[in-house]
Every structure is written in C-alpha cells, then in structure tokens.
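Residues 1 to 209 in full-length UniProt numbering are what the sequence shown lists, from first letter to last.
A virtual CB, placed ideally from N, CA and C, is assigned to each residue, including glycine.
Report on the following structure.
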Amino acid sequence: MGNVFVLDHPLIQHKLTYIRKKDTGTKEFRELVDEVAGLMAFEITRDLPVEEKTIETPVTTAVTKTLSGKKIGLVPILRAGLGMVDGVLRLIPAAKVGHVGLYRDPETLQPVEYYIKLPSDIEERELIVIDPMLATGGSANDAIASLKKRGATNIKLMCLIAAPEGVDLIKKEHPDVDIYLGALDEKLNEKGYIVPGLGDAGDRLFGTK
Ligand code: PRP
Ligand code: URA
C-alpha cells in the first residue's frame, strides 16, 4: 500500500507560507517553489540505494558510499509541474525528464491530456511525478495511469499541497504509489480549488490569468 508523507520540515513550512500568500509576486513565488522542490527532493531520495566504494583521501584509504546507479526519471505535469523541476534536478542532475501535458477542464474538472514525451526506458526508472497541486487528483491519476500504460512500474508522486480528495483518489487508484506532500490542506471548494491552498499554481508561476 502506498504511503503518504507530509514533509513538515520547518524550512518547507516557512517557505510554503510565503508561497500561499496572495500578495507574493511571480518572481518570489517561482523562486520559493523551486527552493521547496529541492528540499522535498532531499527527503524523497532518502531510500535511494548506495554501494560501497574504496577511495583514497589525502590521509588514508577509506570505504565510503556512492549512489548505486539507480536510474531516476522526473515527470512534471505541464504546466505547473515545470516550476518544481529545476529544484529537484539540482540534487539529482543525472535524472532524465519526461513531460505529461494535462489541463483541467474548468467546467468538468476532468483532465485533458494534450502532450506526452518520456525517456525511452521508463520501465527501468524510478519515476517521480511532479505537480504542485493535488486537488481532485484527476490530473495526477491520469498522468500515473499513462505512465503505467507505457510500462512504468516504480512511481512516486510529489506535490506541494494536496486536498484529502486527491490523496484518497490516488490511494484508491494507485495503491503502489508513495505520495510526498509539503502540506495536506483542509478541502476543495466548489470550483475545485484547494482550501486554503495557494490559488492557481500555473498562473502564479507564469504570471498569467
Ligand atoms: C492544475 C495543477 C494540477 C491540477 C490539479 O493544473 O497544476 O495539474 O490543476 O487539479 P486536479 O487534481 O483537480 O486534477 P491546471 O489544469 O490548472 O493546468 P496548468 O498547470 O496548465 O495551469
Ligand atoms: N489547481 C491549482 O492550480 N490550484 C488548485 O487549488 C487546484 C487545482
């Protein structure tokens, strides 16, 4: 059964407060999202396998550890997921990046897929699906299903903020997927926005409306 991890580190919570504030402008919002993504990546990669390596330090021979070559793939959901990619790549620069383009129909709240481009070997990779918002869960649910249809078997989901409805959907539809969150909020409003949330993540990241 997939687990839900709320990464309530003080630095993440502090930065999330400024991300949520409505008077935080685009530049600061983007920088903070990038920083939080990096902090979250630190936790998400905690279980990466390591192997022993014998090296020479200036003082002696030592047996130390390096990552054991596990292949990682990042899959941001366009477009808001893009805002978190660089923060994660700074920690795991060798990761390949696939993209899934989805938008939520504002009337039906149903996700519409318009683009997908993935590394050719996704079945061998640990994939981290990235989206700042897990609201109804429809977008992440579809993105994960698309990846599984193409052979992915090892998937984690990383979001800044989630509503309980979205978490429940992913747990039900993809019980094998661990979910990493910066915060688990109270509920969705009648328009499908997370409450208290941060508003529209894509618009705030890219300065659109
Ligand atoms: C937002 C957000 C998620 C989705 C979450 O994207 O970035 O992808 O909504 O909602 P859900 O859990 O109810 O599916 P949006 O459709 O606004 O597209 P954008 O990223 O292009 O702005
Ligand atoms: N998408 C967003 O960008 N924000 C929400 O609160 C819900 C979905």
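{"Asked": "For K148, the three-state DSSP class (helix, strand or coil)", "Found": "helix"}
{"Asked": "Spatial distance of R90 from G38 (CA atoms)", "Found": "7 angstroms"}
{"Asked": "Residue of V36, D8, L7 and R30 minimising C-alpha distance to K15", "Found": "V36"}
{"Asked": "Whole-number beta carbon distance between L78 and Y115, since they are thought to touch under 8 angstroms", "Found": "6 angstroms"}
{"Asked": "Continuous beta strand (DSSP E) stretch holding I92: start and end", "Found": "Careful: I92 lies outside any beta strand (DSSP E) and carries neither H nor E."}
{"Asked": "Any C-beta of chain B under 7 angstroms from that of A41", "Found": "Absent from the structure: chain B. Only one protein chain is present."}
{"Asked": "Same chain, Cβ closer than 6 angstroms to L169, five either side skipped, listed in chain order", "Found": "G137 and N141"}
{"Asked": "Extent of the continuous beta strand (DSSP E) run through T17", "Found": "From DSSP, T17 is part of no beta strand (DSSP E) but of the alpha helix (DSSP H) over P10 to R20."}
{"Asked": "DSSP three-state assignment for G61, whether helix, strand or coil", "Found": "First, the residue type needs correcting, since residue 61 is Thr and not Gly in the sequence shown. T61 falls in the strand class under three-state DSSP."}
{"Asked": "Separation of D23 from V88, as counted between CA atoms", "Found": "26 angstroms"}
{"Asked": "Which residues DSSP lists as bridging Y114, in chain order", "Found": "For Y114, which the question treats as bridged, DSSP gives no partner whatsoever."}
{"Asked": "The stretch 175-192 in contact with the stretch 40-48 per 3-pair CB rule at 8 angstroms", "Found": "yes"}
{"Asked": "Host alpha helix (DSSP H) of P164 (start-end)", "Found": "P164 to E173"}
{"Asked": "Assigned exposure category for I55 - 16 Cβ within 10 Å defines buried", "Found": "exposed"}
{"Asked": "Burial state of G73 (16 or more Cβ within 10 Å)", "Found": "buried"}
{"Asked": "Any non-hydrogen atom of the ligand PRP within 6 angstroms of T153 CB", "Found": "no"}
{"Asked": "Presumed contact (8 angstroms Cβ cut-off) between V112 and D105, rounded CB distance", "Found": "6 angstroms"}
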